[in-house]
Every structure is written in C-alpha cells, then in structure tokens.
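Scroll down for the structure; my scribbles are underneath it.
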Amino acid sequence: MPKVSPPMILGATLVAIGAYAMSLNAQDRSEQPAIAALEANLNDERALFNAQVESDIDDDLLETGRLVAMGGSQAGGSGMACITCHGAEGQGDGSGAFPRLAGLPGWYMYKQLVDYASGERPNNVMSGVAQRLTEHEMEAVSAYYAAIDAPYRPVAGTVDAELLQWGGQLGAVGSAEKGIPACVNCHGPSGLGNPPSVPYLAGQYATYMTHQLQLWREGVRNNDAMNVMSSIASKMTDEDMRAVSEYYARVRPDVARMRTDATATD
Amino acid sequence: MAMRELPKTDVVIVGGGWTGLTAAYELAHAGQRCVILERGQPRHTATSFAGPEEHDELKYALRYGHMQDVKKETLTFRNSRDQQALPMRRLGSFLPGSGLGGAGIHWNGQIWRPLPSDLEMRSHYDARYGSQFIPEDLTVQDWGVTYDELEPHLDFFERICGAAGSAGNLNGETRPGGNPFEGARTSDYPNPPMKQPISNTLFGQAAERLGYNPFPMPSANVTAAYENPYGAQLHPCTYCGYCERFGCGYFAKADPIICVYDRIKDHENFEIRFGAQALRVEKSRDGKTATGVVYQDEDGVEVFQPADTVCLNAYALWNVHLMLVSGLGQPYDPETRQGTVGRNYSYQTIAAVDAFFDDEIVTNPFMGAGALGMVVDDFNGDNFDHSELGFVGGGYIACKQYHGRPISYQPVPDGTPKWGAEWKRVLRETYSRHGDLVIHGSSMSTPENYLDLDPTWTDAFGRPLLRMTFNFPENDRKMSDYVMNRALDIAREMDHVTSVSSVNLAREGADYSIVPYQTTHNVGGAVIGTDPTTSVVNRYGQMWDHHNVFVFGACLFPQNLGYNPTGPLMGLAYWTLDHMKRDYLKNPGPLMDA
Chain A
2 MPKVSPPMIL GATLVAIGAY AMSLNAQDRS EQPAIAALEA NLNDERALFN AQVESDIDDD
62 LLETGRLVAM GGSQAGGSGM ACITCHGAEG QGDGSGAFPR LAGLPGWYMY KQLVDYASGE
122 RPNNVMSGVA QRLTEHEMEA VSAYYAAIDA PYRPVAGTVD AELLQWGGQL GAVGSAEKGI
182 PACVNCHGPS GLGNPPSVPY LAGQYATYMT HQLQLWREGV RNNDAMNVMS SIASKMTDED
242 MRAVSEYYAR VRPDVARMRT DATATD
Chain B
1001 MAMRELPKTD VVIVGGGWTG LTAAYELAHA GQRCVILERG QPRHTATSFA GPEEHDELKY
1061 ALRYGHMQDV KKETLTFRNS RDQQALPMRR LGSFLPGSGL GGAGIHWNGQ IWRPLPSDLE
1121 MRSHYDARYG SQFIPEDLTV QDWGVTYDEL EPHLDFFERI CGAAGSAGNL NGETRPGGNP
1181 FEGARTSDYP NPPMKQPISN TLFGQAAERL GYNPFPMPSA NVTAAYENPY GAQLHPCTYC
1241 GYCERFGCGY FAKADPIICV YDRIKDHENF EIRFGAQALR VEKSRDGKTA TGVVYQDEDG
1301 VEVFQPADTV CLNAYALWNV HLMLVSGLGQ PYDPETRQGT VGRNYSYQTI AAVDAFFDDE
1361 IVTNPFMGAG ALGMVVDDFN GDNFDHSELG FVGGGYIACK QYHGRPISYQ PVPDGTPKWG
1421 AEWKRVLRET YSRHGDLVIH GSSMSTPENY LDLDPTWTDA FGRPLLRMTF NFPENDRKMS
1481 DYVMNRALDI AREMDHVTSV SSVNLAREGA DYSIVPYQTT HNVGGAVIGT DPTTSVVNRY
1541 GQMWDHHNVF VFGACLFPQN LGYNPTGPLM GLAYWTLDHM KRDYLKNPGP LMDA
C-alpha cells in the first residue's frame, strides 16, 4: 500500500542527506545500473510495458540509452549529460529543480524529449540537449530511465500538516467548490502514474511539480494530448499547487520501496 | 393528508436532473422561489465520480451503482393486454438514475437535434406520401411545435454542454463534414468534433464510397477547455472509455451538476431537498389546478409543499406514474382509446453490426468516449424515400468506440464458442480488431402500447406500480431490419474487414424483451400536442387540465425519434421555460385554448 513518509523519518534523515549527497558524485559511473539489472526489472510485465516506446527493448537499446545518459550521441555528445542533473539512476540531483526520471513511463519521457526539441515544451536547458539527439537516442534514453528502479531520496524540509492534508484531499477527491478534478483521475491510484502517457506524481520533487503547475497555468507548458492540465491548473491557487506537490512528494509506491529508502539513506 | 405542511413556495419541482435543475435555474433568475424535491442523495462530479474508484465496472456498469433502487420503486411489464404483468425486480432494458443530476450523470453524451420533419411527422408523411401512407395501427402525430421554434433552445443547450461537432447546415448553407440532413442551425457547435479512432475512420471512408454522408457524432464529451453560458468550466475529454453508466470525474462530459447545479445552488431563490420522495400532486377542490406536492422526507415523514406552480421533472416513466397516482389528466383506456395519460408510450429500436478486422488493424477500444462515433444519417427520419418500403421512420447508423471495458467488451465473430479456451483464444485476437456499429432507430406509437397503474403490485410507499404494456409494432421491425441491412452493406465495404455479424433486438417474430439492456430512451405517455384529446400537455408543455402544472422530459415525445432524446427534450424544456417566464408567470392561466 502506498504510504506517506512519517515526519519522524524525515527528521531523522536530515543529517543523512548531507552524507548521501557527499557520497554521490553525479558523474560517478560506478553508480550506473548494470544492463543485467535493468533487464531483471523488465521481468515484471508492468515495468516492461512502462519502458516500451516504439520498438522492443533489447541490450543494444538499453546500452545506447546508458551511453546517451552519460552524454554520448551520434552528434558528438548531447552537450550536457543527463546524469549531470538527473543522476545515473534518474533520481534527480536532490535539489528538486530537476525531476526524478527513474521509472517514469518511457513513452512519456520520449514525448517530452520530442517536445523539448521542437519547442512544444519550452525549456532553455532541455531544448538544447534534446535537439542534439536522434529519434532513436531519445527512445533509447527514455527506455533506459524507465527501466530503472531506483531508491528515493529523502524528502527535504517540513511542511505544515494542514497543507499536506489539503494536498491529499485535492489529489484524492479534488474540490467541488473550485471545480478541480482529483489528480488520481488520470495519474492513477495514489498518483502512481498511468503509463504510457501519464507520469507518476508520487515521489516526484515538490518544487519541480509546483513549478510545472505554474507553467501549465501560464500556458508556457501546453504539451499534453488534450490540454487537460492547463484547464486544471488555471483553477488552482499557488497554495493549492504547493499543497498537492508537497503531498505527492511524500507518497511512496509501496512499503518495500520505503524500506529501500531507509537503507539508501543509512 | 400529509402530516406536516410547509409554507408555500412559488414553484415546486419534482426531480433534480437535467430538466429539473435547469427549470430551477431559469425560474429562480426570473424571481421565482424554487424548491426541488430529489428522491436521491447529493453527490458531486469532483468528489463522487473520480477515477480510479469510479472506473469500477462491476460496481457501476453491472451492479448499477448509479441507478434507481427497484426495491422502492419499479414497474410491471407485459407485452400485450392478454398477459399478466410482472414487476421488474432488477433493471434490464433501460436504466433510470437516482440522485443529484439524475440519469444526466450516466449518459453517453450523444447530443442531437430532431429533424424538422420529425416534429411534424404526420403532416409531413401525409403531404409527401398521401394520407393513407402511415399504417393504421400507428398513432403517429405532430408535436405541435416546429423545429424553427425550438432551434434557439436546442442551440442554447448545446452551448450549456459545450457540444463538440461539425455543422452540416449553417443558416441554410450545407457544409462539408457535417450532417447534410439536419435542420438549419443558427450557429456552429461551440467546440470542434472529437478525434476519431481507426475503426470509425474506416467506417466513414466506406460510407463515403457508398455515396452516404458520414460525419462525427455530436458530442457532449467536451473537446477543449470551455466555459458555458452559466459560467461552468468544462475540461477536455481524455477518452477514458467510462461514460455510459458512470459519472465523469474529469469535468469532460457535460452533466447537470457542473453545468447547472453548481451555478444555481447558492442563489437565494433556490432550494433542493434530498431524500425527498414525491408521492403525489395535490389538486384544488375544483380539480382545475394543482396546489402542491406531497413527499416523504428522509425521516419517513409525509410533508406537503404547497406551491403556485408545479413542475414535473422526473424521469419520463415516473412523471407519468406521478400523474396517474395523483389523478392529473385523464388516464388512457386502450378499450375505448379515450384519455391521454399513459397514451403513446414508445421506445427505441436497437440493432448492432460487428465488423472484425485483419491483423493490420489495432483498434485499442479502451480509448473511447460515449459519443465518439462516425455517423450516417441517410436512413434516419424521412431522409430517404419511403414510398416502396412499407414503413415510416428510420435511424442513424454509427460506428462507435465508446469503451473497451474488461467485463462487458468481449466481441467475437459468429461461430465462436460461448466460453472456454477457444473463446478466450479468439477474444484475445478480436478484442482490439473490432468495429462496433449500432443502428439507433425510431419507434412509433400504437394504441396498444401504453402505461397505466398495475392492479396487483404496489411500491414501497403503497402506491400502485406503473404498468408498461409494450411490443414493437410491425412497422418498427421492418424499419429496423431495413436500416440494419444498410449498416451491413457499409460494414462489408469497410477496408480490412474479415467477417461481419449482426443482431436486431427489434427483429420480426420475436417479442420485445425487457431483460437485455437496449437503451434508456423511454418516451411518451404524457405527450405534447395541440389537441387535448390526443395530448396531455399543450404545445408549451402545460397540462390541458391543470394550467399550473408543467411537464418536462421525454414523456412529451408523441413517438420516438431515431435520435437520443436528451438534446430534443432539453430544447423542449427551454422552450417551455421561455413561455413560462414570458407569458405564464405574469398572468397564470392556460397558454392555449383547449
């Protein structure tokens, strides 16, 4: 069952974050998951479905994906390696400015890269990166990050309990008064995502999600299939956005993963 | 008499669905204090219909989570007068709703207008084919209100819903991509048509090759962010495939809660009482007017709500039932063919054609929406020459992709075993290679199809149950068979089709069965017209016998159209409300001479 990380753990791990961050060099190649480990993840049909973009997944695709993540490409390098900001395991860099990619639907990530390249999703950093990748490389790196089952970083900071309560309510049942549909409608139970096109919210960084909601509201980001997110975000206040983002940042898919979290921060 | 009497209000409205909430909205803004009596419970689109919980097919589609409770109220049924009618203890052929929003919550969102000739059916057929043409056993009649009169109201309801479609006739000018047979519209649909999946596209291409005029089905599954004239904000449809039998937590299927209720609920002239089961309408001593409505409240107490004006906005069947148990109007007697309440009940003919594709086609049927279809209207109404056919009426042919739900969507070609390993093997192949064609046809009224009170059975409140006596007339069977064969022609013309099968629920030689689901389009029983001997209400929806009772909904249809009823019945509702506001409220009295 999905659970919200109890505040006790949050407090206890504050010190550990520092230690973890120090031990983590984003360019450290020893951190990257082995192809065998990625293939093992694909034994689960759900992960396989999640990771498929256009073609079947094989060693070559995953290997290409890893190379792209490390900064390689036919065009002589993507300019900036994915791992620089998103990490080799796709956990993001912990600042919350860069989203977690591990386990996001492959097709979703592929579409974002295509949209970054075309300007459909404007972003100063990502547009330049995506424009240097071939279609095949976009597919490969998407499959690569989709196949990773990486531990979660601890949630930084504390948030008012009432705000979290409100965020949870918006996420689960929406608001009749404001005409806001629940997040779970599309993002799946507990915001776990709905592959291939809908990303997870659970475990994503709050600052990233809040920023995206603002971009949806302002119409800067407008690249979902049916323009649903702009309609919803335009009904949300800044506080609604923060509430729902802080809430989902604290939701974890299952207990087993929570245990992984704990060991990761030891 | 009721145990408790409340202070008088201006208008009491029975039922909180599309027509009841709309009546309250319009009349409250006209200065009338409105009280709605809703038998069901409050609910909201955001908080009650969100996925993934709402996408519980077993709970809502099969166990009828949003439908009315037949343990409290139901009807009895028989095919003909020589049979003993028996109560429906489980819903089947049709699914009336209960609770805020009524059946407007679980509709598919197919939003149509009647053809101009549909509304003047008898005059039109008499003029085109001669006065002997309509078979004698049919009680087909004119509506008493014309398309041109309804047009502004049909248009307004399309804007309330944010309807998505492509106009075929804009101010008399035929436009490509729309329905060339539709009556002239004064404005285009407020939103662009839905995106069509592969099966519907192949259907449209085949229909075009055969010389027909395919167009996207008009849809209240909204295609863009939209604000309606009441200020309600609707969101774009995600094609989730959970419309019919489900509420839409995406705010994408227009429903009475977001489109109307949210915009009126805080108005000082508006009040709604939930769990308020209307029992009967009380009449004045002279019987000429209604004095209010007696209902049972949530505590089981009988309450009398007096009012100057009574609006009947329950489901079509229950409006008729309420009139019968209250002694409003004259009940219809099939022996003498006198009386009007219960007369001209009719239904809808439904047939289906299944087309199966080769392995080049993947339909992904789970990507669907209630009104996601391509339609051919060449065989609806009198859009085709009936002179040699021996029947009146028609229907539309649509290729739809409205759901791919795991329990109910199991398309297999004829000759497949009904169960077991072979059935599973075939289904795995055909689930995503299926084109779903429906033939949605009209149904004519006859003197032998009617509604009255059952002499044997009573409901939970001690009232006699409504009794339905119904069988499809020969006319409808012939019509349905003819149009289904045209659908088969199109299916066989479609590219990539390897096999085709069909089923007609109104086929010749088989009685209408109330058990398998067909459609929740029960119409008639309290019909509109200009002659008090053949209609319950005048052309403004006002009862001939009680001028302060106004009737809404599909019970007004003198016979059924080939279209889904929500658009036409809401056009009628706005027409009635317009005349109430303009003429009646200032000077209450009959709006037409009997």
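Residue numbers (our numbering), protein chains in the order written: chain A, 2 to 267; chain B, 1001 to 1594.
Glycine is no exception: its CB is placed at the ideal position from the N, C-alpha and C atoms.
Any idea if Trp1575 of chain B is buried or exposed, counting beta-carbon neighbours within 10 angstroms, 16 or more meaning buried?
Looking at its Cβ environment, which holds 16 or more other Cβ atoms inside 10 Å, Trp1575 of chain B is buried.
Name the DSSP beta bridge partners of Met1468 of chain B, please?
Note: Met1468 of chain B sits in a beta bridge opposite B:Phe1077, B:Leu1451.
Which same chain residues end up closer than 6 Å to Pro1114 of chain B when comparing Cβ atoms and leaving out the 5 residues on each side of it in sequence?
Taken in chain order, the residues that qualify are Leu1561, Pro1568.
Can you grab the Cα-Cα spacing for the pair Ser235 of chain A / His188 of chain A, in whole Å?
So the two alpha carbons sit approximately 18 Å from each other.
Assess, as a yes-or-no matter, whether the stretch 1547 to 1556 of chain B is touched by the stretch 1521 to 1529 of chain B under the definition of 3 or more beta carbon pairs within less than 8 Å.
Segments in contact, yes.
Between the stretch 50 to 77 of chain A and chain B, which residues of the former have a C-beta closer than 9 Å to a C-beta of the latter?
For the stretch 50 to 77 of chain A, which is checked against every Cβ of chain B, not one residue is closer than 9 Å.
Is the CB-CB distance between Pro1216 of chain B and Gly1165 of chain B below 8 Å?
Contact: yes.
Of the choices A:Pro123, A:Val199, A:Val156, A:Ala250, whose alpha-carbon is the least far from that of Gly107 of chain A?
For the residues A:Pro123, A:Val199, A:Val156, A:Ala250, the minimum Cα distance to Gly107 of chain A belongs to A:Val199.
Could you pull the start and end residues of the beta strand (DSSP E) that His1440 of chain B belongs to?
Its beta strand (DSSP E) spans residues 1434 to 1441.
Residues in the same chain with beta-carbon distance under 6 Å from Lys1581 of chain B, minus the five sequence neighbours each way, listed in chain order, please.
Answer for Lys1581 of chain B: Ala1030, listed in chain order.
Inspect the beta-carbon positions of Gly172 of chain A and Gly192 of chain A and report whether they are closer than 8 Å.
Yes, the Cβ-Cβ distance between Gly172 of chain A and Gly192 of chain A is below 8 Å.
Less than 8 Å between C-beta atoms, sequence neighbours within five positions excluded: which residues of the same chain meet that for Gln1032 of chain B?
Result list for Gln1032 of chain B: Asp1010, Val1011, Asn1269, Thr1309, Leu1585, in chain order.
What first and last residue would you give for the alpha helix (DSSP H) that runs through Ala1290 of chain B?
Counting along the chain, Ala1290 of chain B falls outside any alpha helix (DSSP H), though it belongs to the beta strand (DSSP E) covering 1290 to 1296.
Hey, does Ala250 of chain A have any beta-carbon neighbour from chain B nearer than 8 Å?
Not an interface residue.
Between the stretch 1478 to 1495 of chain B and the stretch 1451 to 1460 of chain B, are three or more C-beta pairs nearer than 8 Å?
Output reads no: the stretch 1451 to 1460 of chain B does not touch the stretch 1478 to 1495 of chain B.
Which of the three DSSP states, helix, strand or coil, is assigned to Phe1356 of chain B?
Reduced to three states, the DSSP call for Phe1356 of chain B is strand.
Using a Cβ-Cβ cut-off of less than 8 Å, list which residues of the stretch 1027 to 1049 of chain B approach chain A; keep chain order.
Listed by position along the chain: His1044, Thr1045, Ala1046, Thr1047.
By the 10 Å Cβ neighbour count, where 16 or more other Cβ atoms means buried, how is Gly1370 of chain B classified, buried or exposed?
Gly1370 of chain B should be labelled buried.
Examine chain A for any beta-carbon lying closer than 8 Å to the beta-carbon of Ile1258 of chain B, and answer yes or no.
Closer than 8 Å: yes.
Hey, does Cys1161 of chain B have any beta-carbon neighbour from chain A nearer than 8 Å?
It does not: the Cβ of Cys1161 of chain B has no partner Cβ on chain A nearer than 8 Å.
When the Cα atoms are used, what is the spatial distance from Met1570 of chain B to Glu40 of chain A?
The straight-line gap from Cα to Cα measures roughly 57 Å.
Give a yes or no on whether the C-beta atoms belonging to Phe1094 of chain B and Leu1086 of chain B are separated by under 8 Å.
Contact flag unset, no.
Since Ala177 of chain A meets chain B, which of its residues come closer than 7 Å, beta carbon to beta carbon?
Simply His1044, Ala1046, Thr1047.
Taking any Cβ of chain B, which residues in the stretch 195 to 229 of chain A have a Cβ under 7 Å from it, in chain order?
Per Cβ criterion, the list reads Met227, Asn228, Val229.
How about Gly1275 of chain B and Glu1282 of chain B: do their beta carbons lie closer than 8 Å?
The answer is no: Cβ separation not under 8 Å.
Find the residues of chain A that neighbour Cys1237 of chain B, judging by a C-beta separation of less than 7 Å, and give them in chain order.
Neighbours of Cys1237 of chain B on chain A, chain order: Met227.
For Gly1564 of chain B, which residues from the same chain have a beta carbon less than 6 Å from its beta carbon, with the 5 sequence-adjacent residues on both sides left out?
Rather than Gly, the amino acid found at residue 1564 of chain B in this sequence is Asn. Gln1110, Trp1112.
At a cut of 8 Å, does the stretch 1161 to 1181 of chain B reach the stretch 1193 to 1210 of chain B through at least three beta carbon pairs?
Touching, yes, given that three or more Cβ pairs across the two stretches are closer than 8 Å.
Measure the Cβ-Cβ separation of Gln1068 of chain B and Pro1042 of chain B and say whether it is below 8 Å.
No, Cβ-Cβ distance for Gln1068 of chain B and Pro1042 of chain B is not below 8 Å.
Reducing DSSP to helix, strand and coil, say where Val69 of chain A ends up.
Looking at Val69 of chain A - three-state DSSP - the assignment turns out to be helix.
Note down, one range per segment and in chain order, each beta strand (DSSP E) of at least 3 residues found wholly within the stretch 83 to 140 of chain A.
You should have found no qualifying run.
Identify which residue in B:Leu1279, B:Asn1319, B:Arg1245 has its Cα closest to the Cα of Glu1302 of chain B.
Out of B:Leu1279, B:Asn1319, B:Arg1245, B:Leu1279 has the C-alpha closest to the C-alpha of Glu1302 of chain B.
Which same chain residues end up closer than 6 Å to Ser24 of chain A when comparing Cβ atoms and leaving out the 5 residues on each side of it in sequence?
At Ser24 of chain A the pLDDT is 41, less than 50, meaning the model places this residue with poor confidence; the figure from the coordinates comes in the next sentence. Here the set comprises nothing.
Going by Cα to Cα distance, which pick from B:Tyr1347, B:Arg1185, B:Ala1290, B:Glu1422 is closest to Ala1506 of chain B?
Of the candidates B:Tyr1347, B:Arg1185, B:Ala1290, B:Glu1422, the one whose C-alpha sits nearest the C-alpha of Ala1506 of chain B is B:Tyr1347.
Anything in chain A within Cβ reach of Gln1233 of chain B, meaning under 8 Å, just list it in chain order.
Result: Gly180, Ser232, Lys236.
Ordered along the chain, which non-local residues of its own chain (more than five positions away) have a Cβ less than 6 Å from that of Gly1183 of chain B?
The residues are Pro1116, Tyr1147.
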